[in-house]
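Working notes, beginning with the structure itself.
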Ligand SMILES: Cc1cc2nc3c(=O)[nH]c(=O)nc-3n(C[C@H](O)[C@H](O)[C@H](O)COP(=O)(O)OP(=O)(O)OC[C@H]3O[C@@H](n4cnc5c(N)ncnc54)[C@H](O)[C@@H]3O)c2cc1C
Ligand code: SF4
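Chains as they are written, first to last, in full-length UniProt numbering: chain A, 1 to 699; chain B, 1 to 332.
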């Protein structure tokens with residue numbers, strides 16, 4: 001205890017849970033096998049709108065190992081809650097194709113699968129409407145957009161400013177629906193006992209699942225325990241519970257046995273959320289020097305009929321560049337489609353594809369270097385909120401990135417560089433992500449035998465959160481990380497916020513730090529003596545967060561891409577991708593780099609490959625496996641690198657950190673699209689940048 | 001998954017007998033190669049055979065030289081072994097290249113030559129049992145025509161089906177005029193390619209000329225000395241682990257800047273690996289120039305009938321044919 005360890009924060013500590021993961025000892029939700037376990041498999045609607053007329057449970061009764069068929073007529077009643085995605089099997093209505101209409105429970109997964117296949121469900125279908133069009137008569141203005149931003153914003157007189165601007169860009173961009181596809185499918189094992197309900201779940205928030213599920217079963221939160229120590233990726237898809245969690249609990253209740261339920265990869269394309277497709281119109285007005293007078297960014301998106309999710313696509317435009325006249329808006333249409341949700345940087349990801357493509361178009365129109373154009377439009381304060389920035393190093397990222405990338409002397413002429421049969425081009429785009437912090441609790445305990453245990457219901461979904469929190473705790477306790485045991489991923493631990501909004505390290509780190517500080521004080525008062533029962537301190541950051549100064553807090557970045565486009569085939573390959581980021585203090589360079597280049601890789605994947613294809617006739621996403629829904633393979637990711645600039649920002653949190661989980665994906669697609677333009681002279685405004693868009697464009 | 005019986009055959013005769021017996025039983029019997037396609041389709045419920053006859057222990061996993069400089073490739077040879085074989089690489093570079101361009105290392109280690117030739121289409125509707133599909137359920141309809149057909153056929157398709165054959169390996173085999181050796185209930189026979197795979201016509205449920213119980217035992221690649229100058233070019237959305245959008249296998253026999261002979265086949269454009277016979281005959285005896293290649297490609301592709309969302313495949317195929325031939329001219 002008297003040893004003073006060198007600070008761990010800032011060092012590249014290996015993941016503390018690495019050995020468990022690579023040796024297979026880490027147990028994921030689906031791997032839990034309580035005694036007397038039964039297996040559930042869902043039956044999905046084969047109509048995209050209508051009603052279930054009948055479920056012929058007798059048709060599968062004779063199958064070996066059958067335990068139960070559960071549908072809306074015999075399912076346990078759930079307490080009515082607002083979120084209709086969760087009130088499963090309570091009504092005959094079918095809101096989208098693929099919605100769960102029944103669950104079969106059997107002794108083995110194979111029996112349940114076979115029963116699900118054979119179960120006869122009779123529908124009364126109705127005509128569906130699944131096509132997102134900006135001129136859809138059903139377009140409406142949601143009350144707010146995710147999580148709680150104003151739907152629209154307006155400053156000055158953008159229409160007049162556009163009318164008088166010497167240079168105007170007016171372009172429409174589209175992004176397709178995308179599915180998260182974490183490597184671990186969504187899975188839940190549910191078991192009821194005298195104490196209530198236990199859920200082994202794959203989730204980004206054990207506290208959140210508990211708070212959401214308990215009311216459905218009219219239970220106090222204490223009677224629900226959610227255990228999720230390891231999660232194989234989430235990307236927002238596991239941010240809030242989806243139908244399978246409720247279905248597992250419901251089935252376990254019905255059959256009086258523990259029940260295991262996983263969504264298959266194919267089912268995940270209907271029941272576990274996705275990123276809404278968007279249609280975005282961006283108008284920029286500028287003078288000849290590229291100085292913006294007006295920015296207008298309008299987004300059109302979809303949501304489900306049973307639940308509203310309004311992605312905040314144009315919110316990022318409110319703070320990105322200076323311009324006296326501005327407007328942003330979001331319009332939504334309720335379609336007979338699955339329920340969209342958060343997906344890595346919801347809002348910023350599609351929004352910055354459009355805005356940063358439009359900025360590139362403006363640079364071309366003005367004949368100004370795209371890096372320089374962005375620098376010229378740098379605001380001094382948050383343009384719409386009127387607040388000072390806690391720190392804003394976009395320009396440093398643009399300049400620093402340009403230097404490392406070798407941007408200087410770039411010939412802006414499109415379509416003139418050749419290497420073999422490839423056209424070569426480079427592109428740049430800005431990146432940004434807000435700094436969020438949410439209230440959390442933590443406890444720190446000095447063990448009588450030496451060492452410390454720190455507890456918080458945080459979630460490590462593969463990010464390295466467990467490792468970084470260990471480092472924060474170790475430094476606060478002034479011991480090496482090896483003396484700290486970090487327990488996360490269990491709702492029985494002190495309540496923590498969701499692993500979302502890139503807020504984990506900031507939110508949980510603050511709570512962990514405060515708990516450790518409290519423990520150090522207590523130890524100090526006892527002159528370092530640890531009583532036989534150990535010594536514990538806890539913290540709650542709610543108060544501390546309320547007293548936070550209002551400032552505009554964001555991380556920034558600049559992404560640079562070099563692409564080669566095959567002259568004969570239109571195949572686009574990203575030759576180089578470099579990200580420069582300013583995200584406060586980096587606590588672990590190793591896990592940080594993984595997050596940044598991971599985000600950039602996902603951005604590359606979005607730029608060139610990812611697209612969930614809506615089948616207009618049948619009303620579902622068609623390409624429901626990884627052979628059809630392409631995510632980037634190793635061969636697509638040739639040279640991806642990220643670096644960060646030192647940033648001291650005392651107005652963030654005690655660690656001085658900004659979130660880094662999402663910023664890596666923001667702007668990547670625009671940088672690549674801009675590079676494709678530079679290579680070919682063809683402006684692709686619709687993602688993904690498939691070869692047919694270039695062949696068709698007359699490459 | 002439906003229960004099924006599994007049998008392991010030890011020789012060709014017992015394999016065929018087991019398959020015939022299983023077929024007579026009702027639910028149907030099929031041969032199991034590496035299982036990389038069949039097992040997926042069973043999981044999806046696209047096929048539900050009553051009996052699987054495992055043929056991976058049959059003694060047909062060798063590659064032998066034939067008289068005159070060809071190769072006899074056992075149907076059980078793994079894709080990886082085929083691609084790595086020195087004689088394949090030397091005599092038929094396009095064949096080795098095509099195999100390596102397909103799937104992933106892990107899948108190629110499992111997949112067999114017979115299974116590769118007989119893999120089913122990747123049409124999304126075919127794989128989705130909740131939707132109609134004439135190939136899966138004859139007479140149920142073809143939603144791809146109106147729906148998603150970006151990856152489907154532009155030539156030789158029918159009202160009933162617009163699927164493509166997804167194999168890379170089959171494309172150079174069609175170019176080479178490979179001969180498929182078959183052992184069936186009624187004895188052995190040999191079917192040359194093209195001619196082994198079928199155009200969909202009004203029976204898209206039949207991919208090939210095989211009859212129930214027929215076992216592919218080998219693929220014979222005839223000698224073709226000029227195939228040492230050959231190349232496989234695969235165009236794909238993803239840089240690896242993706243099926244061809246369009247592919248070309250080509251071999252050139254050049255003399256004094258003239259094309260003495262050539263072989264060209266296209267993948268990703270039809271229900272079969274498409275032998276470009278019109279282009280071949282246009283080129284024989286013509287100068288080995290870009291103009292002549294473009295002319296030959298145009299003649300071949302004049303017969304295409306693309307759908308709204310895959311019309312891009314026609315200029316794409318033209319470009320790739322021309323470029324691949326030019327590359328062969330420039331090749332050392
Ligand atoms: C994700 C993924 C990506 C892929 N990408 C590509 C690609 O890019 N290019 C490509 O070409 N392929 C690709 N493939 C397909 C792969 O090449 C095939 O799955 C494989 O070649 C099939 O061989 P198999 O031995 O596993 O066949 P199996 O799955 O065992 O059998 C396939 C069919 O052939 C029948 N069969 C097998 N052997 C015989 C025989 N000797 N006689 C009679 N019938 C027989 C079976 O009954 C079955 O109907 C991909 C597959 C996957 C899963
Ligand atoms: S193209 Fe062929 S395989 Fe695809 S849906 Fe139509 S009939 Fe079925």
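We treat Cβ as the ideally placed atom computed from N, Cα and C, and that holds for glycine. The model shown is predicted, which means the values in this text are computed figures rather than measured ones.
Contacts between residue 239 of chain B and chain A, judged by CB atoms closer than 7 Å, involve 573, 633, 635 and 636 in chain order.
Close CB contacts of residue 504 of chain A within its chain, under the 6 Å cut and outside five residues either way in sequence, are with 465 (chain order). Around the beta-carbon of residue 315 of chain B, 16 or more other beta-carbon atoms lie within 10 Å, marking it buried. Taking a cut-off of 8 Å for Cβ pairs, the segment 541–556 of chain A and the segment 384–402 of chain A touch, as three or more such pairs fall below it.
Residues of the segment 33–49 of chain A with a C-beta atom less than 9 Å from some C-beta of chain B are 44 and 46, listed in chain order.
Scanning the segment 115–198 of chain B for uninterrupted alpha helix (DSSP H) segments of 4 residues or longer gives 170–176, listed from N- to C-terminal end. In terms of Cα proximity to residue 28 of chain A, the closest of A:640, A:267, A:490 and A:10 is A:490. Not one beta carbon of chain B lies nearer than 9 Å to the beta carbon of residue 119 of chain A. Residue state for residue 519 of chain A is assigned as helix, using DSSP reduced to three classes. If you look at residue 55 of chain B, you'll find it isn't in any beta strand (DSSP E); DSSP assigns it neither H nor E. In the DSSP assignment, residue 360 of chain A falls within the unbroken alpha helix (DSSP H) covering 348–366.
Following the DSSP letters along the chain, one finds residue 598 of chain A inside the alpha helix (DSSP H) bounded by residues 589–608. Within 8 Å of the C-beta of residue 241 of chain B there is not a single heavy atom belonging to ligand 2. A:273 is the residue among A:543, A:486 and A:273 whose C-alpha sits nearest the C-alpha of residue 96 of chain A.
Remark: C-beta atoms of residue 13 of chain A and residue 510 of chain A do not approach each other more closely than 9 Å. Checking the DSSP bridge columns, you'll see residue 407 of chain A has no partner listed.
Among the residues of chain B, none has a CB under 8 Å from the CB of residue 471 of chain A; the nearest is roughly 37 Å distant.
Cβ atoms of residue 277 of chain A and residue 177 of chain A come within 8 Å of each other, at about 5 Å. Secondary structure at residue 139 of chain A: coil, using DSSP grouped into helix, strand and coil. In the DSSP assignment, the residues bridged to residue 264 of chain B are B:250. Scanning its chain for C-beta atoms nearer than 8 Å, with the 5 sequence neighbours on each side dropped, one finds around residue 500 of chain A the residues 204, 205, 236, 239 and 342, in chain order. Chain-ordered, the chain A residues with CB closer than 7 Å to the CB of residue 124 of chain B read 622, 623 and 628.
For residue 593 of chain A, not one C-beta of chain B is nearer than 9 Å to its own C-beta.
Taking the Cα of residue 70 of chain B as reference, the smallest distance to any Cα among B:105, B:276 and B:219 is reached at B:219.
Residue contact with chain A for residue 130 of chain B: present (Cβ-Cβ distance below 9 Å to some residue of chain A). Contact between residue 51 of chain A and residue 243 of chain A is absent: CB atoms are separated by about 18 Å, not below the 8 Å threshold. DSSP lists no beta-bridge partner residue for residue 290 of chain B.
Proximity of the segment 363–371 of chain A to the segment 317–330 of chain A falls short of the contact definition, fewer than three beta-carbon pairs being nearer than 8 Å. Collapsing the DSSP output to three states places residue 387 of chain A in coil.
For residue 154 of chain A, the enclosing beta strand (DSSP E) covers residues 153–155.
With a 10 Å radius around the Cβ and a threshold of 16 neighbouring Cβ atoms, residue 416 of chain A comes out exposed. Using a CB distance cut-off of 9 Å, residue 183 of chain A does not count as an interface residue toward chain B. With the rule of 3 Cβ pairs closer than 8 Å, the segment 87–98 of chain B does not count as touching the segment 40–60 of chain B.
For residue 113 of chain A, the enclosing alpha helix (DSSP H) begins and ends at 109–118. In this structure, residue 125 of chain B has its beta carbon less than 8 Å from a heavy atom of ligand 2.
Nearest neighbour of residue 476 of chain A by Cα position, chosen from A:645, A:459, A:520 and A:345, turns out to be A:520.
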